[in-house]
Amino acid sequence: MEGFIFLIPLLPLLGFFINGLLGKRLGKGIVSYVGCTSVGLAFVIALFVFGDLLSREPEHRLLVQTLWDWLQVGGLNVHVSFMVDQLSGVMILIVTGVGFLIHIYSIGYMHEDESYWRYFAYLNMFVFFMAMLVLGANYLVMFVGWEGVGLASYLLIGFWYQGNANADAGKKAFVVNRIGDFGFVLGMFLMFITFGSLSYLEVFPKAFHMYAHGYMALNSPVMVAICLLLFLGATGKSAQIPLYVWLPDAMAGPTPVSALIHAATMVTAGVYMVARSNILYTIAPTALLVVGLVAGLTALFAATIGILQNDIKKVLAYSTVSQLGYMFIGVGVTAYWAWIFHLMTHAFFKACLFLCSGSVIHAMGGDQDMRHMGGLAKKMPITYVTMLIATLAIAGLPPFAGFFSKDEILWRAFTFPYFPVAGKVIWFMGTLGAGITAFYMFRLIFMTFHGEFRGTAEQAHHLHESPFSMTFPLIVLATLSTIGGWLGISPLIGEQLGEIPNVLEGFLEPVFEHSHEIVSAAVQAQSYSHGVEWLLMSCSVAIALSGVILAYVIYMAKAKELPEKLAKTYALHYRLVYNKYYVDEIYYLLVVLPIYYLSIFLWKVVDAFCIDGIGVNGPGWLVKKTSGGARLVQNGYLQTYGAFMALGLVVILCYFLGFR
Amino acid sequence: MSEVGFVFSLSRLWHVAGGQVILILAGLALIFVDIWLSTKHKANEGTIMGWLTIFALMATLGHLVFREWSLHDIVFMGVFSAEKFSVFVSCIVLMAGILASLMSIGYLRNNGLARGEYFILLIFAVYGTIALVQSVDLLMMFIALEVMSLAIYILAAFLKGDQKSQEGALKYFLLGSFGSAFFLFGLALLFGLTGSVNLTVLAKTLSVGIFEQPAVLVALGMIMAGLFFKMALVPFHMWTPDVYEGSPAVITGFMATAVKAGAFGVFVKLLFVTFTPILSLSGQPEFFTTVNLASLGAYWKPVLWWLALLTMFFGNLIAVSQENVKRMLAYSSVAHAGYMALGILAANAEGRMGVLFYLFSYTLMNLGAFGVLYILDGKERGAQTLEDYRGLGFKYPTLSFLMSLFLVAMAGLPPTAGFIGKFYVFSAAIKEGYLLLAALGVLTSVIGAYYYLRVIYMMYMKDAVREITPGPVAAPTVIALVITALGIIYFGILPEGLARIATIAQQSLAFVF
Chain Y
208 MEGFIFLIPL
218 LPLLGFFING
228 LLGKRLGKGI
238 VSYVGCTSVG
248 LAFVIALFVF
258 GDLLSREPEH
268 RLLVQTLWDW
278 LQVGGLNVHV
288 SFMVDQLSGV
298 MILIVTGVGF
308 LIHIYSIGYM
318 HEDESYWRYF
328 AYLNMFVFFM
338 AMLVLGANYL
348 VMFVGWEGVG
358 LASYLLIGFW
368 YQGNANADAG
378 KKAFVVNRIG
388 DFGFVLGMFL
398 MFITFGSLSY
408 LEVFPKAFHM
418 YAHGYMALNS
428 PVMVAICLLL
438 FLGATGKSAQ
448 IPLYVWLPDA
458 MAGPTPVSAL
468 IHAATMVTAG
478 VYMVARSNIL
488 YTIAPTALLV
498 VGLVAGLTAL
508 FAATIGILQN
518 DIKKVLAYST
528 VSQLGYMFIG
538 VGVTAYWAWI
548 FHLMTHAFFK
558 ACLFLCSGSV
568 IHAMGGDQDM
578 RHMGGLAKKM
588 PITYVTMLIA
598 TLAIAGLPPF
608 AGFFSKDEIL
618 WRAFTFPYFP
628 VAGKVIWFMG
638 TLGAGITAFY
648 MFRLIFMTFH
658 GEFRGTAEQA
668 HHLHESPFSM
678 TFPLIVLATL
688 STIGGWLGIS
698 PLIGEQLGEI
708 PNVLEGFLEP
718 VFEHSHEIVS
728 AAVQAQSYSH
738 GVEWLLMSCS
748 VAIALSGVIL
758 AYVIYMAKAK
768 ELPEKLAKTY
778 ALHYRLVYNK
788 YYVDEIYYLL
798 VVLPIYYLSI
808 FLWKVVDAFC
818 IDGIGVNGPG
828 WLVKKTSGGA
838 RLVQNGYLQT
848 YGAFMALGLV
858 VILCYFLGFR
Chain B
726 MSEVGFVFSL
736 SRLWHVAGGQ
746 VILILAGLAL
756 IFVDIWLSTK
766 HKANEGTIMG
776 WLTIFALMAT
786 LGHLVFREWS
796 LHDIVFMGVF
806 SAEKFSVFVS
816 CIVLMAGILA
826 SLMSIGYLRN
836 NGLARGEYFI
846 LLIFAVYGTI
856 ALVQSVDLLM
866 MFIALEVMSL
876 AIYILAAFLK
886 GDQKSQEGAL
896 KYFLLGSFGS
906 AFFLFGLALL
916 FGLTGSVNLT
926 VLAKTLSVGI
936 FEQPAVLVAL
946 GMIMAGLFFK
956 MALVPFHMWT
966 PDVYEGSPAV
976 ITGFMATAVK
986 AGAFGVFVKL
996 LFVTFTPILS
1006 LSGQPEFFTT
1016 VNLASLGAYW
1026 KPVLWWLALL
1036 TMFFGNLIAV
1046 SQENVKRMLA
1056 YSSVAHAGYM
1066 ALGILAANAE
1076 GRMGVLFYLF
1086 SYTLMNLGAF
1096 GVLYILDGKE
1106 RGAQTLEDYR
1116 GLGFKYPTLS
1126 FLMSLFLVAM
1136 AGLPPTAGFI
1146 GKFYVFSAAI
1156 KEGYLLLAAL
1166 GVLTSVIGAY
1176 YYLRVIYMMY
1186 MKDAVREITP
1196 GPVAAPTVIA
1206 LVITALGIIY
1216 FGILPEGLAR
1226 IATIAQQSLA
1236 FVF
């Protein structure tokens, strides 16, 4: 099936061209047909390719398709080629599969929009670039996808460009991502200088052999630098501290976009890139420590902000930031397979949550404020049930998907081989964050679906369950959120329940083989008994449960004045968290303003006055004046012309004959 | 040179100068055809004569490309030679002639001038130019120069009753006589000194001792001045604006390309065969001594340095303040001569190649521009000023787009052939150490970009002030415009093939005999 890989990105690209160029004339029916079919077919092809992968021996599970030579400059030789191994295989299935569901959902969600065709064109373009990112067999192809999804994200955040705020949010996402890209590009340069290549199949074996044969020490500075630069890129794309600020604002886009791009797929690109480069990171434990700590901090920090948000999508946005933190914890503590496990379950339950919130917003006539909602469970049963399932999953309660993946990550953090102490700190942050997550997610459920309806009479009249094209993806995703976790069940539980194997780990492990060799050779991992693992597991379940109960007490149990009371008692803390720790304001003060004033200076003084005024217009003025003067010589008189010729000849002859 | 070269033989004449023979015969035959046409088919006289001319020129081109290009015996009686350099330049001239003829059919119709002698004169002008380039005999060179010039003088005056046309032609004639006189005087001096007018014999004779005599230097200066007149280098350029503005638009295009190509070709040939020969590379022992002549470079190179600078500078500078697009293009053609002079100054293989490439691409873009210009003009001098070009971009999108393309090519922007040509001559000059001149040249081309782009600015960014009435677009003109536009883009993207041919062509100067 190698020969068919290129179809996976190509089909959405075709869809993009058809919808983008002809969409206006085609009518909504054909546009949705083209948009969904292209992605659906891509999903089917991805399934076939994946099937081919499964049918092979574990050590031969690598499909490469090279299309053409792209660049050949000096030592740099870049092919446009695609690679499917276990990692990209799982990832492309998630991208095209979830993408397909969200395309279908969009038919219902966007059906009244004027720019329906433009929406589907952008969405197809996104899937194309995402496929490039995932399937690329070298960093440059990945970077093309990386930039492309950034573009698609920018266009879709600002999709309703009539609102200034939306356009600003798009710009913010774009600019913040540029900062990350700067790191990514520098990392690529450094990688090319170090390894002489950008292809995965050359860089990784080379790095491993250089390490294995002693040419490169653990923690060698160049590797740490490469990894940290790449991680900077990842913090931009995957919304980690310090570059997470764009993601909450990105919720200005249509809700399906938030689900697909800003929850399930694009934002995981950064984690994907880090996991792709797992060998490089394993050789640079310091970089791993940075990744792990930043991730743990992000997971906790973003969760606390989520507590006091009133916009239903903002809550989900901060929870995404927080969950991405968990994924990064996974890669940071060398639990590479656990990362993709969580990515998968997260894609299911977070996409489900977003689509449910979309369904709610749809019913509310565009209102996103949870303070206006309440009691929606009766009006929208399917949405309610599916959202509840997804919430249970994200809260980490067994037996839903989130429990298995989150727990695996936290357990691996606890047993972090390189830095055992830091690992415990990360574990603590993660577990605490998980409790907070359970709290704010159930706050969302209670505020939205329980109690009395607090909106206007008109809204109450309008409330309805969404059409089937919207509820169908919800049901599929909720089902996946329920059972998805069993794919990567912890061996501990699996044994208890009767030999349920951990399919996912076994399948993914060959990709990370070299990394594990490096780790086990470098440090003697501390071993823990099963008792400890059981203890930690029940601990995190207990914390999550207490989060749920706390939310119930505060928002449901007849203590209506309790939230306000708490807010008054802890006014300072409340304001701090409510305003998201003033991070945006601090960035504005420290980064945006200085750059703004510098650019004003450069514009007014350097550009307008020095360059334009003196440098450009000055000579221009001079040329015009001289030109006007010089044309006077051309006075039309034959005598003058002849005289000039004669003069010219005389000068030449004088020169020749030595009067120099 | 072998003695065989001086023996007359018809087959040899046909092989070496067959193109010229075809042109003369065609020209003479067309005179009679025209007499017949003007009595029987008055209405279609211009069109039929035009197509017959194109046919004759195509036949000549075929002969040049398929026969003369691959010739081994290249000299006829010590008068003409068909080495690849001459053939290449002749092909450029023929290309200009064919394009000009194609456009002339429409031009003459638009101006109500459909008279057959126009095309006959055009054929003789082409003939004269080709003979000029192919001759290796100073006397023949002079005769050819006059044949070419006389035909052009009349063509320049072809707009009867138009004052500017008459005035320009007269000025051209008088000043041209001046230039011819310079050339003839230089020739006479050389003949007096050496007893020969053959380029290679001159090279051999001069190289043995006498080349630094004042008389030789005066002769060189005179000949240079005479040719600079045709090449329109400052200060011998003064005639160009008046003549180019006055002449029929298509003839202006032809003058700026074919005549210029001829003048540049013959100048390069004279320089590198006789005065600073690369003959010494030919492997023939008798020419080894001509290496001496390289010291003449110390004389002509500084002169050319200054003239190239002045030409680039004044050509571009004065073009800035022109309000009439045709006149602006006249100055721009002066400026282009300056860039080509840069290639000659470099005096290396790449420089000569660059000059050939430049001439080729310049022919395409300049004739293309004049083709669009005459259509927009309607009737000559109908709409030539910058003001007239305001807002054309949206009313006549195709014509405006073509005009923009040609202007962009002249400004030397990629991906057009204009950029490649400039690149070659500049890099050749830099290779020879003329860094300052190249830098100044690039600066002047910035000035050039200003006035070229200003026309585009007028077309697309300004609203029309007055209604203009472009003439009908004739089918032959469409062919010519398509050829020029495609050529400019093709050779801008894939210049390698043409550059390789031009390199071979310039090498042949070492093997004239």
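Residue numbers (the working numbering), protein chains in the order written: chain Y, 208 to 867; chain B, 726 to 1238. Note that beta-carbon positions come from the ideal geometry of N, C-alpha and C, so glycine has one too. Keep in mind the model is a prediction, meaning the values are calculated, not measured.
query, result
"Whole angstroms are fine: how far does the CA of threonine 541/Y sit from the CA of glycine 477/Y?", "16 Å"
"Need the endpoints of the alpha helix (DSSP H) that methionine 654/Y sits in, please.", "627-656"
"Rounded to whole angstroms, what is the Cα-Cα separation between serine 727/B and glycine 282/Y?", "With a pLDDT of 48 at serine 727/B, under the threshold of 50, the modelled position of this residue cannot be trusted, and the question is left open."
"Assign cysteine 559/Y to buried or exposed, taking buried as 16 or more other Cβ atoms, counted over all protein chains shown, within 10 Å of its Cβ.", "buried"
"So is glycine 946/B in contact with chain Y if we call contact Cβ pairs under 8 Å?", "yes"
"List, in order along the chain, the chain Y residues whose C-beta lies closer than 7 Å to that of aspartate 967/B?", "Gly843"
"Going along the chain, which residues of its own chain have a beta-carbon closer than 6 Å to the beta-carbon of threonine 999/B, five neighbours each way excluded?", "Leu924, Leu927 and Ala928"
"Taking the straight line between their C-alpha atoms, what separation do you get for glycine 387/Y and aspartate 819/Y?", "33 Å"
"For the alpha helix (DSSP H) containing histidine 788/B, name the first residue and the last one.", "770-791"
"If we define contact as Cβ-Cβ less than 8 Å, is valine 830/Y a contact residue for chain B?", "yes"
"Check whether the stretch 1155-1162 of chain B and the stretch 1220-1236 of chain B touch, using three or more Cβ-Cβ pairs below 8 Å as the test.", "no"
"Please classify threonine 590/Y as buried or exposed, where buried requires at least 16 neighbouring CB atoms within 10 angstroms.", "buried"
"Checking contacts by CB at 8 Å: is isoleucine 859/Y closer than that to chain B?", "yes"
"Given this structure, state the Cα-to-Cα distance separating threonine 1088/B from isoleucine 1229/B, to the nearest angstrom.", "20 Å"
"Can you check the stretch 1049-1115 of chain B for any alpha helix (DSSP H) of at least 4 residues that lies completely inside it and give the ranges in chain order?", "1050-1071 and 1074-1102"
"Does the structure place the stretch 881-896 of chain B close enough to the stretch 1103-1113 of chain B that three or more beta carbon pairs sit under 8 Å?", "yes"
"Name the two residues that bound the continuous beta strand (DSSP E) containing asparagine 284/Y.", "283-291"
"State the start and end residues of the unbroken alpha helix (DSSP H) segment that holds tyrosine 794/Y.", "790-794"
"If you drop the 5 nearest sequence neighbours on each side, which residues of the same chain put their C-beta closer than 7 Å to that of phenylalanine 548/Y?", "Ser612, Glu615, Gly695 and Leu711"
"Taking the beta carbon of tyrosine 735/Y as the centre, do at least 16 other beta carbons fall within 10 Å, making it buried, or is it exposed?", "exposed"
"Where do the N-terminal and C-terminal ends of the alpha helix (DSSP H) with cysteine 434/Y fall, by residue?", "428-444"
"Is it true that the stretch 491-509 of chain Y meets the stretch 407-420 of chain Y, where meeting means three or more beta-carbon pairs spaced less than 8 Å apart?", "no"
"In or out: serine 1058/B buried (at least 16 other Cβ within 10 Å) or exposed?", "buried"
"Mind listing which residues of the stretch 1041-1057 of chain B have their C-beta closer than 7 Å to chain Y's C-betas, in chain order?", "Leu1042, Ile1043, Val1045 and Ser1046"
"Threshold first: 4 residues or longer. Then list the alpha helix (DSSP H) segments lying entirely within the stretch 482-565 of chain Y, N to C.", "485-490, 492-513 and 519-539"
"I want to verify the contact list: residues of chain Y whose CB lies under 7 Å from the CB of tryptophan 964/B, in sequence order.", "Tyr848"
"Compare the C-beta of glycine 855/Y with all C-beta atoms of chain B and state if any pair is closer than 8 Å.", "yes"
"Does the distance from the C-beta atom of asparagine 384/Y to that of tryptophan 453/Y stay below 8 Å?", "yes"
"Runs of 4 residues minimum, wholly inside the stretch 923-1009 of chain B: which ones carry the alpha helix (DSSP H) assignment?", "924-932, 939-956, 964-971, 974-979 and 985-994"
"Assign phenylalanine 791/B to one of two classes, buried (16 or more other C-beta atoms within 10 Å of its C-beta) or exposed (fewer than that).", "exposed"
"Which residues in the same chain have their Cβ closer than 8 Å to the Cβ of leucine 909/B, if we skip the five residues on either side of it in sequence?", "Phe867 and Gly951"
"Tell me, to the nearest whole angstrom, how far the beta carbon of leucine 437/Y is from that of glycine 403/Y; I am working on the premise that it is less than 8 Å.", "Contact flag wrong, Cβ pair sits at about 17 Å."
"Measuring alpha carbon to alpha carbon, tell me which residue in Phe907/B, Met1065/B and Gly1063/B is nearest methionine 852/Y.", "Phe907/B"
"Whose Cβ in chain Y lies nearer than 7 Å to the Cβ of alanine 950/B?", "Gly855, Leu856 and Ile859"
"Name the chain Y residues whose beta carbon is nearer than 9 Å to that of leucine 864/B?", "Near leucine 864/B there are no residues of chain Y at all, since even the closest Cβ is about 21 Å away, more than 9 Å."
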